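Notes follow once the structure below has been shown.
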Amino acid sequence: MRELIMSKNQKILQTTTRKFMRKVIINENQRGLLFKNGKFVRLLYAGKYRLFGENIAEVLSTDGELYSARCSLETLLRSKEIARQTTAVEVGEQQIALHFIDGKFHQALEKGKYAFWSVERKHEFQIVSIASPEVGGSVPGYIMEQMPDELYTRISVASHQKARLYFNKRFERVLEPGTYYFWKSGVQVDVGYVDTRLTQMNITGQEILTQDKVSLRINFVCSYRITDYVRVLTEIDDYAEQLHVAAQLAMREYVGKHKLDEILEGKDQVSEYVIARLKEKAPALFVEVLDGGVKDIILPGEIRDIMNNVLAAEKRAQASVITRREEVASTRSLLNTARLMEENQTLYRLKELEYIERICANVGNINLNGTGDLLAQLGDILRGKAS
């Protein structure tokens, strides 16, 4: 009877043991963290384990970061076995750690403590200070491009530009063409771009009264280039508008002192005067005026009609003078020819034959009566004599 009771108890124990036993398999590329009653016990290597009661195993891949949801990283690193198989790094305030795996950049780590399994891969870290917004030359551009956008600001300056750099609204320096990176470390980074190419300014439709009270509209153009990229914006309020107004005033000053005919005949003088005045004003605006000129002078409708009539009359008079000149020349030529023929009968005869040839070329048939000198008869016909 006693043996029967013992056999039953063994069966119950075996059933209870199987009920609370768990099997855990850890592969070669894994490690296990054994916990008992919520406390870390030891590191488990590849193999098969049977866990009973309050024992729990957390399986981690050795290909990534050492992280446990059951205890802190500091607790795990106190284990010499774990510390020997991992590489740890601590990133402080205003720092970033560049994480390299087998010599290749992998990620950027912000403030905190990290540990990575070094069983299969080599982990290296480069601590970079971000206390200053500017990224130093120790961090190549290809690494910056692989970082998250929330870590840095990228600024590109084209070949035809310069950029004014500001930290917290205070001017720092001028950036030459190129690509620049700045850490987002609590300092506000702003830039102001300036075009270094030759800039054209157009002044269109300026209504200006001449000295003889004729209203003109003048279109003017000039080209300029900025000479001081910082002071042109820090000391001048809208330099382009001020240059525009200076050109307007110079044109009004010149046109108001001259009559319409003088202005129309001397467009180049208007251009020279305005450009000269702009060059005097340019240094104060931190620009350099290179050249310019009057594009168009537009007259009012009634003045334009009058000018067109005057021009037509002038052209008609010129045409009449040319016609009379040609007529006089033609008459003089005929007179000279008549004198030569009068003095030389042979020349007269040749001229007569020339005209006979011209007439014959345009006559179909000619009837001649009798005999005699054919040329003489033709001559008599042409002179209107009867045969």
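The sequence shown begins at 1355 in the numbering used here and counts up one residue at a time. Here a beta-carbon is modelled for each residue, glycine too, at the ideal position from N, C-alpha and C. Predicted, not measured: the structure shown is a model, and the values here were computed from it.
What's the C-alpha gap between residue i and residue j?
i, j, result
"E1488", "A1512", "19 Å"
"K1538", "A1636", "39 Å"
"L1431", "G1546", "50 Å"
"E1382", "Y1399", "8 Å"
"N1391", "C1425", "12 Å"
"M1695", "C1714", "22 Å"
"A1600", "E1616", "23 Å"
"Q1364", "I1380", "At Q1364 the pLDDT is 47, less than 50, meaning the model places this residue with poor confidence; the figure from the coordinates comes in the next sentence. If I take the Cα positions, the gap works out to 31 Å."
"S1492", "D1549", "30 Å"
"R1670", "T1677", "10 Å"
"T1440", "R1385", "12 Å"
"S1483", "R1527", "21 Å"
"T1370", "Y1506", "Confidence is the limiting factor: at T1370 the pLDDT is only 39, short of 50, which leaves the residue's position unreliable, though a coordinate-based value still follows. Their backbone Cα atoms lie some 59 Å apart in a straight line."
"E1428", "F1454", "22 Å"
"K1402", "V1378", "6 Å"
"Q1368", "K1393", "A caution first: Q1368 carries a pLDDT of 43, below 50, which makes its placement in the model too unreliable to give a value."
"E1668", "V1675", "11 Å"
"F1525", "L1653", "49 Å"
"P1494", "D1456", "18 Å"
"Y1468", "Q1461", "12 Å"
"S1486", "R1396", "43 Å"
"R1679", "A1673", "10 Å"
"R1712", "S1684", "20 Å"
"V1624", "G1559", "16 Å"
Please look up how many angstroms separate the CB atoms of residue i and residue j, rounded, as I've assumed it's under 8 Å.
i, j, result
"R1606", "I1562", "5 Å"
"L1387", "L1414", "7 Å"
"G1647", "V1575", "7 Å"
"I1450", "E1435", "Actually they do not touch by this definition, with Cβ atoms about 30 Å apart."
"Y1583", "K1516", "5 Å"
Suppose the cutoff is 7 Å on Cβ atoms and the five residues either side in sequence are ignored; what does the same chain contact list for residue i look like?
i, result
"L1614", "T1564, D1566, V1568"
"E1642", "Y1578, R1579, T1581, A1636"
"S1433", "L1397"
Between which two residues does the beta strand (DSSP E) holding residue i run?
i, result
"T1588", "Where T1588 is concerned, there is no enclosing beta strand (DSSP E), although the alpha helix (DSSP H) it sits in stretches over 1585-1588."
"I1509", "1506-1511"
"Y1496", "Here Y1496 belongs to no beta strand (DSSP E); instead the alpha helix (DSSP H) covers 1495-1498."
"R1385", "1384-1390"
"M1555", "1553-1563"
"N1573", "1569-1580"
"G1375", "Looking at the sequence shown, residue 1375 is not Gly but Met. That run of the beta strand (DSSP E) goes 1375-1380."
In its own chain, which residues sit with a C-beta less than 8 Å from the C-beta of residue i, not counting the 5 before and 5 after it?
i, result
"A1423", "E1412"
"E1357", "Because E1357 carries a pLDDT of 48, less than 50, the predicted location of this residue cannot be relied on, and the following value inherits that uncertainty. Cβ neighbours of E1357 beyond the five flanking positions: none."
"R1551", "H1514, R1579"
Name the two residues that bound the continuous alpha helix (DSSP H) containing residue i.
i, result
"A1604", "1593-1609"
"A1636", "1621-1639"
Less than 6 Å between C-beta atoms, sequence neighbours within five positions excluded: which residues of the same chain meet that for residue i?
i, result
"E1419", "F1470"
"Q1542", "N1522"
"I1509", "Y1534, V1545"
"Y1496", "none"
Segments assigned alpha helix (DSSP H), at least 4 residues, entirely inside the segment 1421-1476 = 1427-1431, 1434-1438
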